[in-house]
Structure formats: structure tokens, C-alpha cells
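As numbered in mature numbering (1 follows the signal peptide of the UniProt record, and there is no 0), residues -23 to -1, 1 to 113 make up the sequence shown, in order. Just so it is clear, CB atoms sit at the ideal spot from N, CA and C, and this is done for glycine as well.
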Amino acid sequence: MSHMKKLFGILLMTAMVSGTAIANDDEVQARIAPVGSTCMQGEECAAAPAPAAAAGPKSGKDVYTGFCTTCHGAGVMGAPKFGTAADWAPRVAKGKDTLYTHAIGGFNAMPPKGMCAACSDDEIKGAVDYMLDGSK
Ligand code: HEC
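Following this line, the structure appears as C-alpha cells:
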């Protein structure tokens, strides 16, 4: 139990060093509430993952907006551009399975999983579908 005390001490010290006084029990309750149910003081609320999004798989659109658009939005390093059918036509001609395999495993300058290491294979496939659908 002593390490718990130590941890709490560190938290208290951090609170004091940062100049925040612990005002009342409600505030303490709010601070020790599990992340996601409340916003920590001084933190962006948006940084906490929304419970609904964390519960299920990410949509193809979410994965695209979060990761793929970095390169595929503007066509960085020769990445086929989102929304440009001419960029995608020769890719589509290889067959969807090849595109899935390349998106998941990487292909030349295309990084494995488009750098979304936490994405499942299905989420990556969803992002490929989203790009293909939006680039016809
Ligand atoms: C760091 C930049 C970068 C990111 C991030 C990125 N891509 Fe790519 N992607 C590329 C480049 C560059 C190519 C072209 C590679 C080539 O043809 O040599 C490419 C090609 C592809 C292709 C075509 C593969 C083929 O066989 O022709 C697919 C599909 C693809 N990316 C899917 C994705 C998906 C899905 C994501 C997001 C999860 C993503 N990419 C994120 C750079 C990126």
C-alpha cells in the first residue's frame, strides 16, 4: 500500500506545484473520476476518447481523416490523391485485394497500415473502401 501513498503524494505535489489549490470535495471527486467520464482540469476535453468511438471499430472515414489524409489528401510522395479518379484507376485495376494487402503491409513509400499501428486490418480495409468510394 505504501506505493499508493507515494503516488498520491506525487499527485498532491504536482497539484501544489502547478498552483492549483484543492478547493472542495466535489473538485477532488471530479479529478479522480475515470478518464473519459470527465475532463481533467487543464486538459482539452476533446483529447479524451469518446466512449462511443472507443467501443466499436473506427469507420473508414475516421481512419482516413485521422491518418491517410496526411499523404492521400494532397498526394504526398506520389500517393494517389483522394477524390482523383485518374490517380486511383491504375490502382483499382490491380484488384481490391492487392490494395488491401498493400495498405495493411505497406508498399514502397506507403507505410504499413498508413501509420495507424492501432488500426485493425478491417479498419484499414474500411479506409481503403472509403478512399475508393470517394475517388470515382
Ligand atoms: C506517409 C504517407 C502515407 C500515409 C500516411 C498513407 N499512405 Fe497510402 N500511399 C502512400 C504512397 C506514397 C503511396 C504510393 C506508393 C506507390 O505506388 O509506390 C500510397 C498508396 C496507397 C494505396 C495503393 C496501393 C497500390 O497497390 O497501388 C492504398 C490502397 C493506400 N495507399 C491506402 C492507404 C490507407 C488506407 C492509409 C491510411 C490508413 C494510407 N494509405 C496512408 C503514402 C501514404
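How would you call residue 87, buried or exposed, if buried means at least 16 neighbouring beta carbons within 10 angstroms? Translated into the one-based positions of the sequence shown, residue 87 becomes position 110. Looking at its Cβ environment, which holds 16 or more other Cβ atoms inside 10 Å, residue 87 is buried.
Would you decide whether residue 54 is buried or exposed? Buried here means 16 or more other CB atoms lie within 10 Å of its CB. Within the sequence shown, residue 54 is the residue found at index 77, counting from 1. Answer is exposed; the Cβ neighbour count stays below 16.
Could you tell me the distance, in whole angstroms, from the CA atom of residue 104 to the CA atom of residue 70? For the purposes of this step, residue 104 is taken as the residue at position 127 of the sequence shown. For the purposes of this step, residue 70 is taken as the residue at position 93 of the sequence shown. Their Cα atoms are separated by approximately 18 Å.
DSSP puts residue 87 in a beta bridge; with which residues? Along the sequence shown, one-based indexing puts residue 87 at 110. Paired residue(s): 84.
Among 50, 106, 59, 33, the one whose alpha carbon lies nearest that of residue 81: Numbered from 1 along the sequence shown, position 104 holds the residue referred to as residue 81. Measuring from the Cα of residue 81, the nearest candidate turns out to be 106.
Would you check whether ligand 1 has a heavy atom nearer than 6 Å to the C-beta of residue 69? As a working mapping, residue 69 is identified with position 92 in the sequence shown. Every heavy atom of ligand 1 is 6 Å or more from the Cβ of residue 69, so no.
Report whether the distance from the Cβ of residue 142 to the nearest heavy atom of ligand 1 is below 6 Å. Outside the displayed range of the chain (-23 to 113) lies residue 142, so it cannot be described from this structure.
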